[in-house]
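Asks: The structure is given below, and queries will be raised subsequently.
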Amino acid sequence: MKKQIARLSKAEQEKIESDYHHMKPGEFDKLMSRATQHSPNAIRLPKELVGPLKTIAELEGEMEYQSMVMRWVEERLRQEAKLAVKLSKRSRPGRAAALKRQLAK
């Protein structure tokens, strides 16, 4: 949110701040209930990974490497979820064989 506000003109920033300070508690609660909730978890990455991630993010036009990594995690999670659904429909021996085939790719 801070980064989005920083992109605005000074006058627009002051208007948003003024609106916030004049907001009634009920309005604020309603606004906050619609806000996206994030987990406070963090993943610590070795320094050796952060440099290349920043470079790739810059090449892909991302402002920050974290958003790119988040997108990558979401994409991989969707792939893994599809695989899990397929595997759950098979018997146990079939699941193991399918998983081995998938890992070999």
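To convert, note that position 32 of the sequence shown is 371 in my numbering; the numbers rise steadily by one, no gaps. Glycine residues also receive a C-beta, built at the ideal position from the N, C-alpha and C atoms.
Would you identify the three-state DSSP class for Arg346, choosing helix, strand or coil?
Replies: Three-state DSSP puts Arg346 in coil, outside helix and strand.
Asks: When burial is assigned at 16 or more other CB atoms within 10 Å of the CB, is Met407 buried or exposed?
Replies: Flag for Met407 reads buried.
Asks: Evaluate Tyr359 with the Cβ neighbour count: other Cβ atoms within 10 Å of its Cβ, from every protein chain shown; 16 or more gives buried, anything less gives exposed.
Replies: Result: exposed.
Asks: Please work out which residues of its chain come closer than 7 Å, Cβ to Cβ, to Leu422, disregarding the five sequence neighbours upstream and downstream, and give them in chain order.
Replies: So the qualifying residues of the chain are Gln441.
Asks: Determine contact between the segment 374-393 and the segment 401-417, defined as no fewer than three beta-carbon pairs at a distance below 8 Å.
Replies: They touch, by the three-pair rule.
Asks: Would DSSP call Ser406 helix, strand or coil?
Replies: Ser406: helix per DSSP, three-state reduction.
Asks: Could you tell me the alpha carbon to alpha carbon distance between Val424 and Arg383, rounded to whole angstroms?
Replies: Their Cα atoms are separated by approximately 30 Å.
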